[in-house]
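This report concerns only the one structure given below.
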Amino acid sequence: MNFANEAGEIRALAEMVKGGFVFKGLKPVNWCFDCGSALAEAEVEYQDKKSATIDVAFPVADEAKLAGAFGLAKLAKPAAIVIWTTTPWTIPANQALNVHPSSTTPWSTPANACWCWPKSWWNPAWPATTWKAR
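Take the position in the sequence shown, starting the count at 1, then add 78; the result is the number in our numbering.
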């Protein structure tokens, strides 16, 4: 994050408010009740389509902190958080990942790491020699 840019954005927004360009109107805010966040118009107005997707494992920067968040003394192996995306070109700009505090997130253990991902992604049909849910 560039805090000078962020401060400039806030100052620009303040000028728009002072100029009367920001006001409460009748335009609705589309809201996702499942994930509790606002939806962009593009997320609501587009036609359904199939897109190529990828799963990406991001290495954890502070494994001790992650272990503590899950009530563990330490992690047995290097850890990564797995994400799913249809926009892989945005990955180089990623700075952080968020995990919903009430999500039930299993760990799986491929040969050399611990991976954390949403429970809904887990497939019990995966070969036990490759993956182990924990």
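By construction, the Cβ of each residue, glycine as well, lies at the ideal position given by its N, Cα and C atoms.
Which residues DSSP lists as bridging residue i, in chain order
i      : result
Phe136 : Ile159
Trp109 : Ala116
Chain-order list of residues whose beta-carbon lies under 6 angstroms from that of residue i (same chain, five-residue window excluded)
i      : result
Val107 : Ala116
Where residue i falls, given that 16 or more other Cβ within 10 Å makes a residue buried
i      : result
Ala157 : buried
Trp122 : The question names Trp, but residue 122 in the sequence shown is Val. Per the 10 Å Cβ criterion, exposed.
Phe81  : exposed
Range of the contiguous alpha helix (DSSP H) that encloses residue i
i      : result
Leu144 : Glu141 to Ala147
Asn83  : Phe81 to Lys96
Whole-Å CB distance - residue i paired with residue j, under 8 angstroms assumed
i      : j      : result
Gly163 : Val134 : A small correction: the amino acid at residue 163 is Thr; Gly does not occupy that position in the sequence shown. Contact holds; Cβ gap of about 7 angstroms.
Leu153 : Ala145 : 5 angstroms
Val138 : Ile159 : 6 angstroms
Phe136 : Leu175 : 6 angstroms
Pro166 : Ile132 : 5 angstroms
Residue i Cβ short of 7 angstroms to the ligand MG heavy atom set
i      : result
Lys143 : Ligands displayed in this structure: none; no statement on the ligand MG is therefore possible.
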